[in-house]
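Peer 1: Once you've had a glance at the structure underneath, I'll fire off some questions.
Number of protein chains: 2
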Amino acid sequence: MKKSPLQKARAAYQPKLPIVLTGAVKAVEGNPTRSVADQAEIQRLFPNTYGLPELKFEKNTTPAAGRPVNVGVILSGGQAPGGHNVISGLFDGIKKIHRDSRLFGFLMGPGGLVDHKYIELTSAIIDDYRNTGGFDIIGSGRTKLETKEQFDKGLEIVKELNIKALVIIGGDDSNTNAAVLAEYYKSINAGVQVIGCPKTIDGDLKNECIETSFGFDTATKVYSEVIGNIQRDCNSAKKYWHFIKLMGRSASHIALECALQTQPNICIISEEVEAKNMTLQDVVNSIADVVAARAEYGNNFGTVLIPEGLIEFIPAIKKLIAELNNVLAANADATKDLAGEALETFIKEHLSADNRATLESLPDNVARQLMLDRDPHGNVQVSLIETEKLLSEMVGNRLKTMAAEGKFKGKFSALHHFFGYEGRCADPSNFDADYCYALGFNAACLVNAGVTGYMSSIRNLVKPSVQWTAGGIPITMMMNIEHRNGADKPVIQKALVRLDGAPFRKFASQRDDWSMNTCYVYPGPIQYFGPAEVCDQPSLTLLYEHKDK
Amino acid sequence: MKKSPLQKARAAYQPKLPIVLTGAVKAVEGNPTRSVADQAEIQRLFPNTYGLPELKFEKNTTPAAGRPVNVGVILSGGQAPGGHNVISGLFDGIKKIHRDSRLFGFLMGPGGLVDHKYIELTSAIIDDYRNTGGFDIIGSGRTKLETKEQFDKGLEIVKELNIKALVIIGGDDSNTNAAVLAEYYKSINAGVQVIGCPKTIDGDLKNECIETSFGFDTATKVYSEVIGNIQRDCNSAKKYWHFIKLMGRSASHIALECALQTQPNICIISEEVEAKNMTLQDVVNSIADVVAARAEYGNNFGTVLIPEGLIEFIPAIKKLIAELNNVLAANADATKDLAGEALETFIKEHLSADNRATLESLPDNVARQLMLDRDPHGNVQVSLIETEKLLSEMVGNRLKTMAAEGKFKGKFSALHHFFGYEGRCADPSNFDADYCYALGFNAACLVNAGVTGYMSSIRNLVKPSVQWTAGGIPITMMMNIEHRNGADKPVIQKALVRLDGAPFRKFASQRDDWSMNTCYVYPGPIQYFGPAEVCDQPSLTLLYEHKDK
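Here it is as structure tokens:
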């Protein structure tokens, strides 16, 4: 592996551990916990792992001698900056327990556990990946660990390698599955612990006990870097409207954080669109109004941030998609040989009047995409819709109407961007490098404490990293029952943007100013070696949420 | 202006001047120069500014007392990182000549000179923009200074402001126009000097005397950062082919530099495609062959870098576009009321058989775009073609054929990116911050030396900046006669990628290895505060070209 100069220099970075984790620790139990909702049902589904106490690590002045422990680690789902540091923290943590401890990495995600594909992670391998982005050390994958067969198959290799604990690094779904796996292994007395780590750039795995998921900090800083650069270009050339879509299907945390960092003219927040029951045309009109208002002052340029998941948050379209999926599922036989216009006609005939009207209000190419493009499960593929182009096209049409009415006298020329893959594997910021290393090291402490069904929890994150606290949170505590894919399931509650939360309120209080006046901020690239106020700042979302407490 | 923490910290950076410019200088004349080609014709067109000597600045131990000088500055064309530092270097340079010197910035490009729109750039303004990206201090524009009317109109405001010299910061076209302006003002004894500065991220304004244009270093580092991040994602998920288009219409320097920095699986170099007389299908097949070969080893992922200008370098398409433009120009009356299919039919009937065949070999949507989309001059709008999608679509089709023949057994799933606006206004790297500041400061020295028709020249750029040399190059020296827009014109020769040059040879010697083995390098973001090997490296293009000398 040929390394870049930065990679070489960055390899020497020693992540700063919370002071409590630098010596021997003991787990101090808090009160028993309960799930955020549906307590009876969650307890029924998790009889062995429900109601466990929160754990907090404190200094241990009389530690017992450690014994070697074998641990397996899995990277699950989409990449997030810092995954390699979770693994190196975990490695250092189990080596601190005993130098003969061993770490096994299952390859290409949870599938590696089921298929018995793994490597041993030695210090030579680990050292090559410290403080780097990516999940390439063992790869990641999206296989869901859900069935007894998978659990039993996994147990075979776990027993063969004498693995005492599995550490699963993933988002809300993967940690839900980790809880199910922990419950199952406990129920059969398999003697295997399962520990989760909160990962996702989307920032939607957080709650009272998990302040943020790792990767969000770095990814939003990379997106804000390029958004800032585009805004500086926009403000120099003064002739384009840039429509910038940002990754994050479920929640708008990424768009909101980037807006707080860069102060664009417009940022759409899906959760607000849903709460206000806005139509797509409402969203379009709100953008067109800002374009027209800026044009009054000769400012025929601007920036619009768009969360990737917007379409699915628009109530009318959400309803349409749900009925489309139902119609197709209910008429699988009748539609299987239909294509093109014949399929379109069939679908339109079977839609309710409301949803047909919504469909017909959409631009042709989008309507066609919704009707004809299917994923392997037969569902509408919303992610294929280029929302940024859809919006700019509809804004353009709206402005033509406004021009005809004398309400728009400017020019409108749009450019489009989509950022996602640019940030998921960036080298972790100091924050994520430290946070991830602590999460991994802390997971080793949870393994040593002998617990299962816990998520590694590092808190007090707006303080310098040495002051962070460490412990474990029962995963069942974060769960509720939700209707997903046609069935009620116990899942970790997803954290959407709260319209009464401090980050959104901060944004909402300033956006009128940002829309009319050009208030762009240019954050620049992530720095690793400079002054602390440049290198060591947490996300603004985290800062404002903390201040709100 | 709300500033980011990095912006605040970076404001304190003091660009490192070449040692020779830190004291008083004298201009030492070299031998008279001649243009790179078409000497007689260039001399005829530039009787007053042809054949001037190269100038080199050396220490002056007996300097005369300086007198206040008023200077005007213009940013011309596309943004490039470091423009603000050229202006701050120029400001500091004329203030060093005399503290009562004044700097006027013409607004939104050369049009500001013609329309008499300007501001005085005071130290308070300048200090707000030191070491920042963008051209927003005075804006930029694409008005071409070409006509006597424009020159005379400009002279009015120049005289009104008692401006002694104009400094034009631009690419090859803008510097060509600067030379014409210099010649004109000299011919009428206007008493106004014109000095150029070499700007363009494209890297195609360079020659024996100009080692690189400013902005190339920073922009390619930003693109390489995000390409590296995408490659790390690609190598973690192992399931996508990323088609990444990079800005740069005329030359492939950007794609080549990014390839040298990141080692992608494939990088197309337009100049090679042209030299080998490849068709679009040849390019497609060459990509499909690599996809299939990697698939043999289970590697259904990879990265492809594509220069923005590719389409226009494919000889058959270049011919087609030329004939399309001619057919439309020659039949303006007959086609002016035609649209859609009628226009397509008309065009096809009027194309030569060869070009009709080329047109029909293209995917429908691209053929239609070539026939129907026109710029305001009636020309085909090649820049609207999404080459990255065109290529991946054609590669997908080719792979289907290969699969049917048993020559491809893998999966092919493509994602697309286009990077341009993300890098043009980035905060300048240390290299560009120093280089630009030196170019601007040196321009002040050229003003003080009383010369006109010169380009600011800083050389020895692979050495630490204090060792750089400084001087001036007659712009006519870089010129030749080219046929553009239907007429022979004196222009600065564009520097395309040389297939016998060191950067391309370095790439060509390694690309087979990169294509089959995954050799990605992850450069990470530009650093400003770290070790010199991370922060102060020039581009690899510059390094290899230097070694080749």
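Going down the list, the protein sequences come from chains A and B. Under my numbering, read the first sequence as residues 6 to 554, first letter to last. Under my numbering, read the second sequence as residues 6 to 554, first letter to last. Glycine included, each C-beta is placed from N, C-alpha and C at the ideal position.
1) Does Arg104 (chain A) have its Cβ less than 8 angstroms from a Cβ in chain B?
2) Taking Trp2 (chain B) and Ala443 (chain B) to be in contact with their CB atoms under 8 angstroms, please state how far apart those CB atoms are, rounded to whole angstroms.
3) Is Gly307 (chain B) helix, strand or coil when you go by DSSP?
4) Here's the rule: buried if 16 or more other CB atoms are within 10 angstroms of the residue's CB, otherwise exposed. What is Gln198 (chain B)?
5) Any chance the stretch 174-190 of chain A sits against the stretch 72-87 of chain A, with 3 or more Cβ pairs inside 8 angstroms?
6) To be precise: take each residue of the stretch 72-90 of chain B, compare its Cβ to all Cβ atoms of chain A, and keep it if any distance is under 7 angstroms. Which residues remain?
7) Grab the span of the alpha helix (DSSP H) containing Trp519 (chain A) for me, first residue to last.
8) For Lys323 (chain A), report the span of its alpha helix (DSSP H) as first-last.
9) Pick from B:Tyr533, B:Cys272, B:Ile322 and B:Thr457: whose alpha carbon is nearest that of Ser192 (chain B)?
10) Whole angstroms are fine: how far does the CA of Cys524 (chain B) sit from the CA of Asp518 (chain B)?
11) When you compare the CB of Ala260 (chain A) with every CB in chain B, is at least one pair closer than 8 angstroms?
12) Determine, using beta carbons only, whether Gly35 (chain B) and Lys61 (chain B) come nearer to each other than 8 angstroms.
13) Report yes if the C-beta distance between Glu262 (chain B) and Pro530 (chain B) is below 8 angstroms; otherwise report no.
14) Which partner residues does Phe446 (chain A) have in the DSSP bridge list?
15) Considering only DSSP beta bridges, list what Ile246 (chain B) is partnered with.
16) Report back the beta-carbon spacing between Asn136 (chain A) and Tyr18 (chain A) to the nearest angstrom; my notes put them in contact at under 8 angstroms.
17) Using 8 angstroms as the threshold, is the C-beta distance between Met460 (chain B) and Asn180 (chain B) below it?
18) So if I threshold CB-CB distances at 9 angstroms, which residues from the stretch 161-178 of chain B count as touching chain A?
19) Closest to Leu396 (chain B) by C-alpha separation, out of B:Ser357, B:Thr67, B:Lys100 and B:Val309, would be which residue?
20) Going by the beta-carbon positions, is the gap between Ile142 (chain B) and His103 (chain B) smaller than 8 angstroms?
21) Just to confirm my understanding: we take Ala431 (chain A), look at its own chain, exclude 5 residues before and 5 after, and list those with CB closer than 6 angstroms. What are they?
22) Taking only beta-carbon positions, decide if Cys524 (chain A) is within less than 8 angstroms of chain B.
23) Pick helix, strand or coil for Thr225 (chain B), following the three-state DSSP scheme.
24) Using a Cβ-Cβ cutoff of less than 8 angstroms, which residues in the same chain neighbour Lys244 (chain A) once the five nearest sequence positions on both sides are dropped?
25) Decide if Val496 (chain B) is buried, meaning its Cβ has at least 16 other Cβ atoms within 10 Å, or exposed.
26) Measure the Cβ-Cβ separation of Thr38 (chain B) and Leu50 (chain B) and say whether it is below 8 angstroms.
27) Identify, in the order they occur along the chain, each residue of the same chain with its Cβ nearer than 8 angstroms to the Cβ of Lys556 (chain A), setting aside the five sequence neighbours on each side.
28) From Ala161 (chain A) to Thr67 (chain A), what distance separates their C-alpha atoms?
29) Give a yes or no on whether 8 angstroms exceeds the smallest Cβ distance from Gln286 (chain A) to chain B.
30) Residues of chain B with a CB under 8 angstroms from the CB of Asp238 (chain A): which are they?
31) Answer with yes or no whether the minimum CB distance from Pro536 (chain B) to chain A is below 8 angstroms.
32) Which residues does DSSP list as the beta-bridge partners of Gln198 (chain B)?
33) Straight-line CA distance for Arg516 (chain B) to Ile271 (chain B)?
34) Go ahead and pull the three-state DSSP assignment for Lys31 (chain B).
35) I'd like the span of the alpha helix (DSSP H) that includes Glu301 (chain B), first residue to last.
36) Between Ile463 (chain B) and Pro23 (chain B), is the Cβ-Cβ spacing less than 8 angstroms?
Peer 2: Looking at the coordinates:
1) no
2) Residue coverage of chain B in this structure runs from 6 to 554, which leaves residue 2 (chain B) outside it and unanswerable.
3) Gly307 (chain B): strand per DSSP, three-state reduction.
4) buried
5) yes
6) Of all residues in the stretch 72-90 of chain B, Gln84 have a Cβ within less than 7 angstroms of some Cβ in chain A.
7) That run of the alpha helix (DSSP H) goes Ala507 to Met521.
8) Pro320 to Ala335
9) Closest option to Ser192 (chain B), Cα to Cα, is B:Thr457.
10) 8 angstroms
11) no
12) yes
13) no
14) Answer is none; Phe446 (chain A) lacks a bridge partner.
15) According to the sequence as given, residue 246 (chain B) is Trp; it is not Ile. B:Gly307 and B:Ala419, per the DSSP bridge assignment.
16) Right, their Cβ atoms sit about 5 angstroms apart.
17) In this structure, Met460 (chain B) lies near Asn180 (chain B), with their beta-carbon atoms less than 8 angstroms apart.
18) Considering only beta carbons, no part of the stretch 161-178 of chain B lies closer than 9 angstroms to chain A.
19) B:Val309
20) With contacts defined as CB atoms closer than 8 angstroms, Ile142 (chain B) and His103 (chain B) fail to qualify as a contacting pair.
21) Pro86, Gly138, Thr223 and Val227
22) yes
23) helix
24) Asn305, Phe306, Lys416 and Ser418
25) buried
26) The Cβ-Cβ distance between Thr38 (chain B) and Leu50 (chain B) does not fall below 8 angstroms.
27) Absent from the model: residue 556 (chain A). The displayed extent of chain A is 6 to 554, so no value can be given.
28) In the sequence as presented, Ala is not what sits at residue 161 (chain A); that position holds Glu. So the alpha carbons of these two residues sit roughly 36 angstroms apart.
29) no
30) Gln84, Gly139, Tyr426, Arg429 and Cys430
31) yes
32) B:Ala170
33) 7 angstroms
34) strand
35) Leu285 to Glu301
36) yes
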